[in-house]
Amino acid sequence: MKALVAGWFSFEDMGATAGDLMARDLACAWLTEAGRVWDVALAPPFAGGVDWRTVEPSHYADLVFVCGPFGNGPPVDAMLARFAGCRLIGLDLTMLQPLDDWNPFDTLYERDSSAAARPDIAFAADVPRVPVVGMILIHPQPEYGERDRHRQANDRLRRLLDSREAARMTIDTRLDANGTGLRTAAEIESLIARVDVVVTTRLHGLVLALKTGVPVLAIDPVRGGAKVTRQAEALGWPLLFQADDATDDALQRAFDYCLTGDARAAAHACRTRAVAAIELVHRDFVSRLRDVRPVGSR
130 MKALVAGWFS FEDMGATAGD LMARDLACAW LTEAGRVWDV ALAPPFAGGV
180 DWRTVEPSHY ADLVFVCGPF GNGPPVDAML ARFAGCRLIG LDLTMLQPLD
230 DWNPFDTLYE RDSSAAARPD IAFAADVPRV PVVGMILIHP QPEYGERDRH
280 RQANDRLRRL LDSREAARMT IDTRLDANGT GLRTAAEIES LIARVDVVVT
330 TRLHGLVLAL KTGVPVLAID PVRGGAKVTR QAEALGWPLL FQADDATDDA
380 LQRAFDYCLT GDARAAAHAC RTRAVAAIEL VHRDFVSRLR DVRPVGSR
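If you count the sequence shown from 1, you need to add 129 to reach the numbering used here.
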(Lines of atoms letter the chains of each structure in order from A and count residues from 1; the text may use other names and numbers.)
(Lines give C-alpha, C1' and ligand atoms only; values in the text may rest on other atoms or scores of the structure.)
Protein backbone atom coordinates (compact mmCIF):
# COMPACT_ATOMS: atom_id res chain seq x y z
CA MET A 1 0.00 0.00 0.00
CA LYS A 2 0.99 3.59 -0.56
CA ALA A 3 2.32 6.22 1.81
CA LEU A 4 0.87 9.71 1.80
CA VAL A 5 3.38 12.52 2.34
CA ALA A 6 1.88 15.63 3.91
CA GLY A 7 3.08 18.89 5.38
CA TRP A 8 2.21 22.56 5.42
CA PHE A 9 2.24 22.41 1.62
CA SER A 10 -0.93 20.28 1.96
CA PHE A 11 -3.02 23.23 3.20
CA GLU A 12 -3.81 26.54 1.55
CA ASP A 13 -2.32 29.75 2.97
CA MET A 14 -0.26 28.02 5.66
CA GLY A 15 3.09 29.52 4.73
CA ALA A 16 4.93 26.54 3.24
CA THR A 17 8.61 27.44 2.88
CA ALA A 18 11.51 26.38 0.68
CA GLY A 19 12.75 24.25 3.58
CA ASP A 20 9.37 22.49 3.76
CA LEU A 21 9.59 21.56 0.09
CA MET A 22 13.19 20.41 0.40
CA ALA A 23 12.24 18.17 3.33
CA ARG A 24 9.22 16.88 1.40
CA ASP A 25 11.33 15.88 -1.60
CA LEU A 26 13.90 14.19 0.63
CA ALA A 27 11.17 12.23 2.41
CA CYS A 28 9.87 11.07 -0.98
CA ALA A 29 13.37 9.99 -2.00
CA TRP A 30 13.72 8.01 1.23
CA LEU A 31 10.37 6.32 0.63
CA THR A 32 11.49 5.32 -2.86
CA GLU A 33 14.73 3.96 -1.38
CA ALA A 34 12.60 1.88 0.99
CA GLY A 35 10.74 0.44 -1.98
CA ARG A 36 7.51 2.27 -1.19
CA VAL A 37 5.03 3.91 -3.53
CA TRP A 38 3.84 7.32 -2.38
CA ASP A 39 1.61 10.29 -3.13
CA VAL A 40 2.09 13.86 -1.95
CA ALA A 41 -0.83 15.84 -0.55
CA LEU A 42 -0.70 19.30 -2.12
CA ALA A 43 -2.88 22.40 -1.96
CA PRO A 44 -2.76 25.49 -4.22
CA PRO A 45 -0.58 27.08 -5.38
CA PHE A 46 1.29 23.76 -5.46
CA ALA A 47 0.15 21.34 -8.13
CA GLY A 48 0.74 17.75 -9.20
CA GLY A 49 -0.23 15.95 -6.00
CA VAL A 50 -3.47 14.74 -4.44
CA ASP A 51 -6.06 16.42 -2.23
CA TRP A 52 -6.01 14.75 1.18
CA ARG A 53 -9.65 15.71 1.69
CA THR A 54 -10.87 13.64 -1.28
CA VAL A 55 -8.52 10.64 -1.58
CA GLU A 56 -9.60 7.35 -0.04
CA PRO A 57 -7.76 6.92 3.30
CA SER A 58 -7.90 3.12 3.05
CA HIS A 59 -5.54 3.30 0.04
CA TYR A 60 -2.71 4.39 2.34
CA ALA A 61 -0.82 2.42 4.97
CA ASP A 62 1.22 5.38 6.24
CA LEU A 63 0.75 9.11 6.66
CA VAL A 64 4.14 10.86 6.81
CA PHE A 65 3.87 14.46 8.02
CA VAL A 66 7.05 16.35 7.13
CA CYS A 67 8.67 19.52 8.44
CA GLY A 68 7.56 22.51 10.45
CA PRO A 69 5.80 23.24 13.72
CA PHE A 70 3.20 20.66 14.71
CA GLY A 71 0.55 21.16 17.35
CA ASN A 72 -2.76 19.76 18.47
CA GLY A 73 -5.29 21.85 16.58
CA PRO A 74 -6.57 22.91 13.17
CA PRO A 75 -5.93 22.23 10.39
CA VAL A 76 -3.90 19.11 11.18
CA ASP A 77 -6.52 17.68 13.56
CA ALA A 78 -8.91 17.12 10.63
CA MET A 79 -6.18 15.34 8.65
CA LEU A 80 -5.27 13.12 11.60
CA ALA A 81 -8.89 12.19 12.12
CA ARG A 82 -9.40 11.33 8.45
CA PHE A 83 -6.32 9.09 8.32
CA ALA A 84 -6.75 7.59 11.78
CA GLY A 85 -6.39 4.09 10.31
CA CYS A 86 -2.88 4.80 8.99
CA ARG A 87 0.45 4.46 10.72
CA LEU A 88 1.42 8.04 11.54
CA ILE A 89 5.06 9.06 11.07
CA GLY A 90 6.40 12.49 12.01
CA LEU A 91 9.57 13.66 10.27
CA ASP A 92 11.52 16.89 10.90
CA LEU A 93 8.84 18.43 13.11
CA THR A 94 8.96 20.98 15.90
CA MET A 95 6.55 19.58 18.46
CA LEU A 96 4.68 22.46 20.08
CA GLN A 97 3.39 20.51 23.08
CA PRO A 98 5.52 18.42 25.47
CA LEU A 99 5.54 14.83 24.25
CA ASP A 100 4.20 13.61 27.58
CA ASP A 101 1.12 15.76 26.99
CA TRP A 102 0.52 15.01 23.29
CA ASN A 103 2.26 12.86 20.73
CA PRO A 104 -0.02 11.37 18.06
CA PHE A 105 2.80 9.66 16.13
CA ASP A 106 3.54 5.96 15.99
CA THR A 107 7.08 6.90 14.93
CA LEU A 108 8.56 10.37 15.45
CA TYR A 109 11.84 11.79 14.13
CA GLU A 110 11.42 15.26 15.51
CA ARG A 111 13.46 18.29 14.59
CA ASP A 112 12.97 19.40 18.15
CA SER A 113 10.68 18.45 21.02
CA SER A 114 10.67 18.22 24.78
CA ALA A 115 12.78 15.07 24.40
CA ALA A 116 15.32 15.74 21.62
CA ALA A 117 16.68 18.06 18.93
CA ARG A 118 18.14 17.13 15.54
CA PRO A 119 19.45 18.98 12.47
CA ASP A 120 16.77 20.01 10.00
CA ILE A 121 16.73 17.44 7.18
CA ALA A 122 16.93 20.21 4.57
CA PHE A 123 20.69 19.93 5.17
CA ALA A 124 20.60 16.63 3.27
CA ALA A 125 18.33 17.75 0.43
CA ASP A 126 19.91 17.65 -3.03
CA VAL A 127 18.82 20.99 -4.48
CA PRO A 128 20.34 22.09 -7.82
CA ARG A 129 21.85 25.56 -8.05
CA VAL A 130 20.23 27.97 -10.48
CA PRO A 131 21.64 31.23 -11.89
CA VAL A 132 21.33 34.35 -9.79
CA VAL A 133 20.24 37.17 -12.08
CA GLY A 134 20.37 40.86 -11.34
CA MET A 135 17.52 42.65 -13.10
CA ILE A 136 18.21 46.38 -13.54
CA LEU A 137 15.41 48.09 -15.44
CA ILE A 138 14.98 51.64 -16.63
CA HIS A 139 12.19 53.87 -15.37
CA PRO A 140 10.40 56.00 -18.01
CA GLN A 141 12.65 58.89 -19.03
CA PRO A 142 10.68 61.90 -20.29
CA GLU A 143 13.73 63.29 -22.10
CA TYR A 144 13.46 60.47 -24.62
CA GLY A 145 9.67 60.68 -24.96
CA GLU A 146 9.30 56.93 -25.50
CA ARG A 147 7.54 55.60 -22.45
CA ASP A 148 5.99 52.69 -24.39
CA ARG A 149 9.35 51.54 -25.77
CA HIS A 150 10.87 51.61 -22.29
CA ARG A 151 8.03 49.41 -21.08
CA GLN A 152 8.38 47.11 -24.09
CA ALA A 153 12.10 46.61 -23.47
CA ASN A 154 11.59 45.94 -19.76
CA ASP A 155 8.77 43.50 -20.51
CA ARG A 156 11.00 41.51 -22.88
CA LEU A 157 13.52 40.94 -20.10
CA ARG A 158 10.82 40.05 -17.58
CA ARG A 159 9.40 37.51 -20.05
CA LEU A 160 12.87 36.04 -20.54
CA LEU A 161 13.31 35.49 -16.80
CA ASP A 162 9.76 34.18 -16.43
CA SER A 163 10.72 31.39 -18.84
CA ARG A 164 13.82 30.32 -16.88
CA GLU A 165 14.49 28.85 -13.47
CA ALA A 166 16.64 31.58 -12.02
CA ALA A 167 16.87 33.50 -8.76
CA ARG A 168 15.79 36.97 -9.85
CA MET A 169 17.09 39.94 -7.88
CA THR A 170 15.72 43.38 -8.70
CA ILE A 171 18.44 46.01 -8.31
CA ASP A 172 17.69 49.73 -8.45
CA THR A 173 20.71 51.89 -9.31
CA ARG A 174 19.00 55.14 -8.31
CA LEU A 175 20.07 56.58 -4.99
CA ASP A 176 17.83 59.61 -4.65
CA ALA A 177 14.86 57.26 -4.20
CA ASN A 178 15.99 53.66 -4.24
CA GLY A 179 13.22 51.11 -4.70
CA THR A 180 15.16 48.11 -3.34
CA GLY A 181 16.51 49.43 -0.05
CA LEU A 182 20.06 50.14 -1.25
CA ARG A 183 21.67 53.25 0.18
CA THR A 184 25.12 53.70 -1.33
CA ALA A 185 27.02 53.12 -4.56
CA ALA A 186 29.14 50.55 -2.71
CA GLU A 187 26.04 48.56 -1.75
CA ILE A 188 24.78 48.58 -5.34
CA GLU A 189 28.10 47.54 -6.87
CA SER A 190 28.69 44.86 -4.22
CA LEU A 191 25.30 43.33 -4.93
CA ILE A 192 25.86 43.34 -8.70
CA ALA A 193 29.26 41.70 -8.23
CA ARG A 194 27.64 38.69 -6.55
CA VAL A 195 25.17 37.73 -9.31
CA ASP A 196 25.88 35.40 -12.22
CA VAL A 197 24.22 37.48 -14.94
CA VAL A 198 22.73 40.96 -15.25
CA VAL A 199 19.82 41.76 -17.55
CA THR A 200 19.27 45.46 -18.00
CA THR A 201 17.82 48.36 -19.92
CA ARG A 202 19.99 50.87 -18.04
CA LEU A 203 23.39 52.24 -18.99
CA HIS A 204 24.81 51.79 -15.51
CA GLY A 205 23.37 48.29 -15.37
CA LEU A 206 25.63 47.53 -18.34
CA VAL A 207 28.61 49.43 -16.93
CA LEU A 208 28.54 48.13 -13.36
CA ALA A 209 28.02 44.55 -14.48
CA LEU A 210 31.05 44.62 -16.77
CA LYS A 211 33.07 46.58 -14.21
CA THR A 212 32.62 43.68 -11.79
CA GLY A 213 33.22 41.01 -14.45
CA VAL A 214 29.59 39.92 -14.68
CA PRO A 215 28.19 39.11 -18.15
CA VAL A 216 25.28 41.35 -19.10
CA LEU A 217 22.38 41.09 -21.50
CA ALA A 218 21.30 44.63 -22.37
CA ILE A 219 18.43 46.12 -24.36
CA ASP A 220 18.57 49.77 -25.44
CA PRO A 221 15.05 51.08 -24.84
CA VAL A 222 15.46 54.15 -27.10
CA ARG A 223 14.47 53.98 -30.77
CA GLY A 224 17.54 53.70 -32.98
CA GLY A 225 19.82 53.23 -29.98
CA ALA A 226 21.19 55.85 -27.64
CA LYS A 227 23.58 55.90 -24.68
CA VAL A 228 23.30 52.19 -23.88
CA THR A 229 24.20 51.27 -27.47
CA ARG A 230 27.09 53.74 -27.64
CA GLN A 231 28.49 52.48 -24.34
CA ALA A 232 28.33 48.83 -25.44
CA GLU A 233 30.13 49.79 -28.65
CA ALA A 234 32.78 51.71 -26.73
CA LEU A 235 33.37 48.75 -24.44
CA GLY A 236 33.29 46.13 -27.19
CA TRP A 237 30.48 44.20 -25.49
CA PRO A 238 28.43 42.19 -28.03
CA LEU A 239 25.21 41.38 -26.17
CA LEU A 240 23.31 44.57 -26.89
CA PHE A 241 19.84 44.48 -28.43
CA GLN A 242 17.46 47.09 -29.73
CA ALA A 243 13.92 46.80 -28.41
CA ASP A 244 12.58 45.99 -31.89
CA ASP A 245 15.00 43.16 -32.70
CA ALA A 246 15.20 41.54 -29.26
CA THR A 247 13.31 38.36 -30.16
CA ASP A 248 12.62 35.79 -27.48
CA ASP A 249 14.87 33.24 -29.22
CA ALA A 250 17.75 35.71 -29.51
CA LEU A 251 17.46 36.65 -25.84
CA GLN A 252 17.40 32.99 -24.81
CA ARG A 253 20.62 32.31 -26.75
CA ALA A 254 22.26 35.41 -25.32
CA PHE A 255 21.29 34.41 -21.78
CA ASP A 256 22.75 30.93 -22.28
CA TYR A 257 26.00 32.52 -23.47
CA CYS A 258 26.11 34.74 -20.38
CA LEU A 259 26.32 31.60 -18.24
CA THR A 260 29.55 30.43 -19.91
CA GLY A 261 33.14 30.93 -18.90
CA ASP A 262 33.76 32.61 -22.25
CA ALA A 263 31.22 35.30 -21.42
CA ARG A 264 32.80 35.96 -18.02
CA ALA A 265 36.24 36.21 -19.65
CA ALA A 266 34.82 38.64 -22.22
CA ALA A 267 33.34 40.77 -19.41
CA HIS A 268 36.72 40.95 -17.67
CA ALA A 269 38.34 41.90 -20.99
CA CYS A 270 35.84 44.76 -21.37
CA ARG A 271 36.76 46.01 -17.93
CA THR A 272 40.47 45.90 -18.78
CA ARG A 273 39.94 47.89 -21.99
CA ALA A 274 37.71 50.39 -20.23
CA VAL A 275 40.20 51.03 -17.42
CA ALA A 276 43.00 51.54 -19.96
CA ALA A 277 40.94 54.05 -21.94
CA ILE A 278 39.90 55.91 -18.78
CA GLU A 279 43.55 56.17 -17.71
CA LEU A 280 44.24 58.26 -20.82
CA VAL A 281 41.44 60.64 -19.82
CA HIS A 282 42.75 60.66 -16.25
CA ARG A 283 46.25 61.70 -17.30
CA ASP A 284 45.05 64.39 -19.67
CA PHE A 285 42.57 65.75 -17.11
CA VAL A 286 45.20 66.01 -14.38
CA SER A 287 47.73 67.55 -16.76
CA ARG A 288 45.33 70.23 -17.93
CA LEU A 289 44.10 71.03 -14.44
CA ARG A 290 47.67 71.49 -13.25
CA ASP A 291 48.07 74.20 -15.87
CA VAL A 292 46.36 77.02 -13.99
CA ARG A 293 45.77 80.11 -16.15
CA PRO A 294 44.16 83.44 -15.30
CA VAL A 295 40.43 83.66 -16.05
CA GLY A 296 39.86 84.95 -19.55
CA SER A 297 43.31 83.98 -20.89
CA ARG A 298 43.79 81.50 -23.68
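Just so you know, even glycine gets a beta-carbon here, dropped at the ideal spot from N, CA and C.
Closer than 7 Å by C-beta to residue i: which residues in its own chain qualify, once you throw out the five before and the five after it? Chain order, please.
i	result
L418	none
A156	V134, V193, V195, L220
M208	A135, W181
A253	L155
T358	D349, L369
Give the straight-line distance between the Cα atoms of residue i and residue j, rounded to the nearest whole angstrom.
i	j	result
S139	R400	50 Å
L286	A372	10 Å
G197	D149	7 Å
I348	G144	37 Å
A383	L369	9 Å
H397	L339	7 Å
Y238	V169	19 Å
D249	L290	31 Å
A395	V327	14 Å
D378	T309	30 Å
D154	V404	48 Å
R216	D191	5 Å
V184	N307	50 Å
P173	E141	6 Å
D420	H411	15 Å
V261	T389	14 Å
I300	R323	12 Å
R288	R280	12 Å
S242	F175	29 Å
Q381	G263	16 Å
V343	C387	8 Å
G177	L171	7 Å
V179	D385	36 Å
L409	R402	11 Å
A406	A355	21 Å
V259	A251	17 Å
S292	M298	15 Å
D391	D325	13 Å
Y189	R393	52 Å
A158	W366	45 Å
On the CB-based measure, 16 or more other CB atoms within 10 Å of its CB, does residue i come out buried or exposed?
i	result
A315	exposed
Q360	buried
M151	buried
V345	buried
F234	buried
I321	buried
M130	exposed
L364	buried
H333	buried
T341	buried
V256	exposed
A375	buried
V205	buried
R240	buried
Among residues of its own chain, excluding the 5 on either side of residue i, which ones have a beta-carbon nearer than 8 Å to its beta-carbon?
i	result
G214	P186, S187
R278	P350, V351, R352, A372
T161	W167
R211	W181, R182, P186
R303	H268
T313	L304
E294	V259
A296	V259, P260, V261, V262
Looking only at its chain, what residues have a beta carbon closer than 6 Å to the beta carbon of residue i, apart from the 5 residues adjacent to it on each side?
i	result
N283	L266, T330
E318	L337
A244	L228
A246	none
R165	A132
T236	I218
W137	M143, A145, D149, G197
For residue i, list the residues DSSP reports as bridge partners.
i	result
P198	T223
G218	Per the sequence presented here, residue 218 reads as Ile, with Gly not at that position. In the DSSP output, where bridge partners are listed per residue, I218 has V193, T236.
A170	V179
A347	T329, L369
I265	T329
V134	V169, V193
M298	G263
D277	Per DSSP, none; premise fails for D277.
| said: Quick test of the definition: if touching needs 3 or more C-beta pairs under 8 Å, does the segment 225 to 238 touch the segment 195 to 206? | reply: yes
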